[in-house]
Amino acid sequence: MRVLPRGRLSYGMQLPVQSQSTLYAEPWEAAAGPAELLAVARAADRLGFSYLAVCDHVAIPRRLAAAMGTVWYDPVATLGWLAAATERVRLLSHVAVAALRHPLLTAKQYATLDHLSGGRLILGVGAGHVREEFEALGVDFARRGALLDETVDALKAALGPEEFPDFRGERFAFSGLGQAPRPVQTPRPPLWIGGSSPAAVRRAAIRGDGWLPQGDPRDRLPGQLARLRALREEAGIDEPAEIGAITEPLYVGETSWDVGRRTLTGAPERLAGSLRAYAAMGVDQIQVRFRCRDHTELTDQMAAFAADVAPHLDD
Numbered sequence: 001m002r003v004l005p006r007g008r009l010s011y012g013m014q015l016p017v018q019s020q021s022t023l024y025a026e027p028w029e030a031a032a033g034p035a036e037l038l039a040v041a042r043a044a045d046r047l048g049f050s051y052l053a054v055c056d057h058v059a060i061p062r063r064l065a066a067a068m069g070t071v072w073y074d075p076v077a078t079l080g081w082l083a084a085a086t087e088r089v090r091l092l093s094h095v096a097v098a099a100l101r102h103p104l105l106t107a108k109q110y111a112t113l114d115h116l117s118g119g120r121l122i123l124g125v126g127a128g129h130v131r132e133e134f135e136a137l138g139v140d141f142a143r144r145g146a147l148l149d150e151t152v153d154a155l156k157a158a159l160g161p162e163e164f165p166d167f168r169g170e171r172f173a174f175s176g177l178g179q180a181p182r183p184v185q186t187p188r189p190p191l192w193i194g195g196s197s198p199a200a201v202r203r204a205a206i207r208g209d210g211w212l213p214q215g216d217p218r219d220r221l222p223g224q225l226a227r228l229r230a231l232r233e234e235a236g237i238d239e240p241a242e243i244g245a246i247t248e249p250l251y252v253g254e255t256s257w258d259v260g261r262r263t264l265t266g267a268p269e270r271l272a273g274s275l276r277a278y279a280a281m282g283v284d285q286i287q288v289r290f291r292c293r294d295h296t297e298l299t300d301q302m303a304a305f306a307a308d309v310a311p312h313l314d315d
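The sequence shown begins at 1 in full-length UniProt numbering and counts up one residue at a time.
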């Protein structure tokens with residue numbers, strides 16, 4: 001089940017403000033809020049970005065708060081709000097920690113989002129990594145992988161074409177329970193799997209419509225992709241998964257301030273040439289993040305990328 005154009009390298013972005021880990025948030029985001037978030041989302045919609053992504057954490061324990069922060073907007077509420085302010089850009093949960101919730105609850109939330117947005121949902125799910133979140137919600141952290149596997153299977157049934165879906169697993173079972181409104185997308189919205197561990201790659205290969213690696217460096221991606229394809233072939237799945245990658249930080253053009261040694265910067269042609277390497281590996285979509293000092297510089301960078309870099313991604 002593919003939703004992105006074939007034969008070209010698509011690009012999307014994780015929204016600023018909605019998650020503020022010190023690993024990637026810019027200083028200006030701490031004082032920003034709905035107005036800045038909305039401006040960036042509308043710019044992405046206008047400029048041809050394939051998707052907007054929102055993260056998912058219920059609560060951050062004190063031991064991790066210094067690194068992760070506690071600002072994590074709810075993905076369903078945020079994407080639903082942005083659906084009304086945008087027209088064409090797809091809405092991605094990157095990623096929903098699906099094992100924290102009963103699959104019927106998740107299906108109700110995201111089916112409604114797909115319905116209200118006119119069929120723009122991409123449901124990205126992952127296993128999660130914060131033990132205290134699972135403990136607080138009464139979910140077995142040690143079994144989260146197996147729980148997510150069954151949750152994905154249940155979600156495929158619950159988000160499928162049947163108003164009264166039937167599913168029976170070890171942990172979840174439902175039958176004769178109708179849910180409407182149904183998703184707009186048929187037979188169901190796409191389900192992308194996040195994570196780069198061996199278990200996550202296997203899950204993406206066997207159960208996913210797409211794969212969202214979590215920060216794999218470029219030199220590791222070819223090996224991961226080869227394993228994913230081999231696992232998919234062994235499982236008898238003919239349809240290729242839609243493959244994503246998170247790029248290095250970007251800055252289009254020359255800069256007078258320190259954007260960090262890992263940032264790809266310079267002329268648009270140079271950036272496009274570097275990013276085309278992802279397509280050569282077999283990546284279908286790249287998630288980009290721009291260095292910036294305020295939301296206006298961010299939307300300027302997005303516009304420069306869309307106008308001067310994106311047209312050359314498929315050269």
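C-beta: ideal position from N, C-alpha, C; glycine also.
Item                                                                                                                              : Value
For Glu-269, the nearest candidate out of Tyr-278, Asp-284 and Gly-253 (CA to CA)                                                 : Gly-253
CB of Gln-285 within 8 Å of CB of Gly-118, strictly                                                                               : no
Neighbourhood of Thr-32 by C-beta, 8 Å cutoff - its chain only, sequence neighbours within 5 removed                              : Residue identity check: residue 32 is Ala in the sequence provided, not Thr. Cβ neighbours of Ala-32 beyond the five flanking positions: Pro-16, Val-17 and His-295.
Local conformation of Thr-22 per DSSP, three classes                                                                              : coil
Proximity winner among Val-288, Leu-147, Gly-160 and Leu-177, relative to Glu-170 (alpha-carbon distances)                        : Leu-147
Contact under 8 Å by Cβ, Ala-96 with Asp-140                                                                                      : no
7 Å Cβ shell around Thr-86 - same chain, five flanking residues per side excluded                                                 : Ala-41, Arg-42 and Asp-45
Sub-8 Å separation of Ala-205 and Leu-221 beta-carbons                                                                            : no
Secondary structure of Glu-135, DSSP reduced to three states                                                                      : helix
Asp-209 and Leu-231 closer than 8 Å at C-beta                                                                                     : no
7 Å CB neighbourhood of Ala-127 in its chain, flanking five on each side removed                                                  : Ala-99, Arg-144, Gly-145, Leu-148, Gly-195 and Ala-200
For Val-130 and Ile-60, believed in contact at Cβ under 8 Å, the rounded distance                                                 : 7 Å
Val-201 (DSSP reduced to helix, strand or coil)                                                                                   : helix
Residue from Met-68, Phe-49, Gly-244 and Arg-188 with nearest C-alpha to Tyr-24                                                   : Met-68
Continuous alpha helix (DSSP H) stretch holding Ala-53: start and end                                                             : Counting along the chain, Ala-53 falls outside any alpha helix (DSSP H), though it belongs to the beta strand (DSSP E) covering 51–54.
Distance CB(Ala-83)-CB(Leu-91) smaller than 8 Å                                                                                   : yes
Nearest candidate by alpha-carbon position, reference His-94, set Pro-75, Leu-104 and Thr-106                                     : Pro-75
Opening and closing residue of the beta strand (DSSP E) in which Gln-179 lies                                                     : First-last for Gln-179: undefined, no H or E at that position.
Residue from Ile-243, Glu-163 and Arg-289 with nearest C-alpha to Ala-111                                                         : Glu-163
Which listed residue (Asp-219, Glu-234, Phe-174 and Thr-186) has its alpha carbon closest to that of Arg-202                      : Glu-234
C-beta atoms of Asp-300 and Ala-272 nearer than 8 Å                                                                               : no
Beta-carbon contacts of Ala-180 that lie in its chain and below 7 Å, excluding the five residues immediately before and after     : Glu-163
Helix, strand or coil at Arg-270 according to DSSP, with G and I counted as helix                                                 : helix
C-alpha gap between Ala-77 and Ser-19, whole angstroms                                                                            : 14 Å
Residues near Leu-116 in its chain [Cβ-Cβ closer than 6 Å; skip 5 each side]                                                      : Ala-83
Environment of Arg-291 [buried if 16+ CB atoms lie within 10 Å]                                                                   : buried
Identified DSSP bridge partners for Met-13                                                                                        : Leu-52
Contacts around Leu-47, its chain only, beta-carbon distance under 7 Å, and the 5 residues preceding and following it disregarded : Met-302, Ala-303 and Ala-306
Sub-8 Å separation of Pro-103 and Leu-155 beta-carbons                                                                            : yes
Of the listed residues Asp-308, Ser-50, Ile-246 and Pro-187, nearest to residue 317 (C-alpha basis)                               : Outside the shown range of the chain, which is 1 to 315, sits residue 317, and nothing can be said about it.
Straight-line Cα distance separating Thr-22 from residue 367                                                                      : Missing from the structure shown is residue 367; the chain here goes from 1 to 315 and no further.
Boundaries (first-last residue) of the alpha helix (DSSP H) holding Leu-116                                                       : 103–116
Pair within 8 Å by beta-carbon distance, Val-58 and Glu-133                                                                       : yes
Residue environment, Glu-239, which counts as buried when at least 16 other CB atoms sit within 10 Å                              : exposed
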